[in-house]
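Trainee: In my numbering, the protein residues as written are 2 to 242.
Dropping the structure in here first, questions after.
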């Protein structure tokens with residue numbers, strides 16, 4: 002299974018011929034990668050640097066990641082980049098000039114089998130193209146979107162391909178925010194499904210409220226109507242209030 006680590010390669014060597022780097026990750030992955038990097042340095046010196054193809058059917062490709070998207074690719078605690086590596090069967094490293102957040106693009110190097118690298122590159126590009134739509138959902142309708150045991154929200158995610166989840170509940174607002182994440186077409190599909198559920202819910206809610214008002218109106222009338230308990234139909238006999 003590919004190991005995950007995070008590499009900071011400092012752009013300025015401070016006038017020295019060498020450049021500093023730092024590795025961040027689990028102790029096992031950092032130790033393994035440190036050993037590999039140190040082993041690569043003599044070979045790179047002999048060959049004049051690394052090319053696009055390291056031989057043995059292995060290759061390396063780069064994807065430029067916008068500075069404000071670096072965190073998206075890495076994920077919380079490096080979880081996203083680990084998942085990308087597992088799914089793609091490749092190794093990934095983001096090369097940064099420093100640790101200061103910046104809007105400048107950062108290169109993401111992907112190495113491995115050429116076909117797997119291409120697929121991994123596509124996965125990264127899909128991730129970078131993702132956006133988020135937020136839909137306010139009345140607190141009373143949250144259960145309609147989630148469904149029994151989460152069945153409805155799972156179905157929305159499966160059919161749309163988008164990620165759907167409710168933001169943390171503040172306990173005070175009359176609405177809760179439903180966040181939809183994914184590519185534009187997937188987000189639109191999920192949003193339409195949720196809006197359809199809310200339309201159905203609102204129609205049902207309006208019907209119930211109108212029915213309650215209708216019953217109250219009849220109860221306040223000077224002449225009432227007797228409802229049959231057996232059939233639920235309206236009897237023709239009128240009684241005085």
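From the three backbone atoms N, C-alpha and C, an ideal C-beta is built for every residue, glycine too.
It should be emphasised that the depicted structure is a prediction, and the values quoted were computed from it without experimental measurement.
(1) Is residue 105 near residue 148, with beta carbons less than 8 Å apart?
(2) Determine the extent of the beta strand (DSSP E) in which residue 133 is found, giving its start and end residues.
(3) Quickly, what does DSSP pair residue 109 with across the bridge? List them, please.
(4) Looking only at its chain, what residues have a beta carbon closer than 6 Å to the beta carbon of residue 157, apart from the 5 residues adjacent to it on each side?
(5) If I'm right that residue 96 touches residue 64 with Cβ under 8 Å, what's the distance once you round it to whole angstroms?
(6) Check whether the region 133 to 150 touches the region 168 to 184, taking contact to mean three or more Cβ pairs, one atom from each stretch, closer than 8 Å.
(7) Would you report the Cα separation of residue 58 and residue 126, rounded to the nearest angstrom?
(8) In chain order, what residues of the same chain have a beta carbon less than 7 Å from the beta carbon of residue 184, not counting five sequence neighbours either side?
(9) Taking the straight line between their C-alpha atoms, what separation do you get for residue 143 and residue 80?
(10) Under the three-state reduction of DSSP, which class applies to residue 72: helix, strand or coil?
(11) Measure the C-alpha to C-alpha separation of residue 83 and residue 93 and round it to an integer number of angstroms.
(12) In three-state terms, what does DSSP make of residue 48?
(13) How would you write the range of the alpha helix (DSSP H) that residue 155 sits in, first residue to last?
(14) Can you give me the C-alpha to C-alpha distance between residue 73 and residue 118, rounded to a whole angstrom?
(15) Excluding the 5 residues flanking residue 146 on each side, which residues of the same chain have their C-beta closer than 7 Å to its C-beta?
(16) Let me know the secondary structure DSSP gives residue 169 once reduced to three states.
(17) Can you tell me whether DSSP reads residue 104 as helix, strand or coil?
(18) Roughly how many angstroms separate the alpha carbons of residue 204 and residue 133, rounded to a whole number?
(19) Tell me the DSSP secondary structure of residue 87 in three-state form.
(20) What would DSSP say about residue 79, mapped onto helix, strand or coil?
(21) Give me the residue from 70, 116 and 75 with the minimum Cα distance to residue 62.
(22) What residue range does the beta strand (DSSP E) around residue 183 cover?
Mentor: In short, the structure shows the following:
(1) At least 8 Å separates the beta-carbon of residue 105 from that of residue 148.
(2) Going by DSSP, residue 133 is part of the beta strand (DSSP E) stretching over 132 to 139.
(3) Here residue 109 is bridged, per DSSP, to 64 and 95.
(4) So the list reads 165, 191 and 194, once near-sequence residues are dropped.
(5) No, residue 96 and residue 64 are not in contact; Cβ-Cβ is about 11 Å, not under 8 Å.
(6) The answer is yes - the region 168 to 184 touches the region 133 to 150, with three or more Cβ pairs under 8 Å.
(7) Taking C-alpha positions only, residue 58 is separated from residue 126 by approximately 23 Å.
(8) So the qualifying residues of the chain are 127, 130 and 131.
(9) The alpha-carbon atoms of residue 143 and residue 80 are separated by roughly 29 Å.
(10) Here residue 72 sits in helix by DSSP.
(11) Between the C-alpha atoms of residue 83 and residue 93 there is a straight-line separation of about 9 Å.
(12) For residue 48, the predicted structure reports a pLDDT of 41, less than 50, and the residue's modelled location is therefore unreliable. A value from the coordinates is still provided. Reduced to three states, the DSSP call for residue 48 is helix.
(13) The continuous alpha helix (DSSP H) containing residue 155 extends over residues 152 to 161.
(14) Cα to Cα, residue 73 sits roughly 19 Å from residue 118.
(15) So the list reads 138, 153, 154, 179, 195 and 198, once near-sequence residues are dropped.
(16) Taken through DSSP and simplified to helix, strand or coil, residue 169 comes out as coil.
(17) Reduced to three states, the DSSP call for residue 104 is coil.
(18) If you take the alpha carbons of residue 204 and residue 133, they lie about 27 Å apart.
(19) DSSP places residue 87 in helix when its eight states are reduced to three.
(20) Helix.
(21) From the listed residues 70, 116 and 75, the smallest Cα separation to residue 62 is found for 116.
(22) Note, residue 183: beta strand (DSSP E), 176 to 183.
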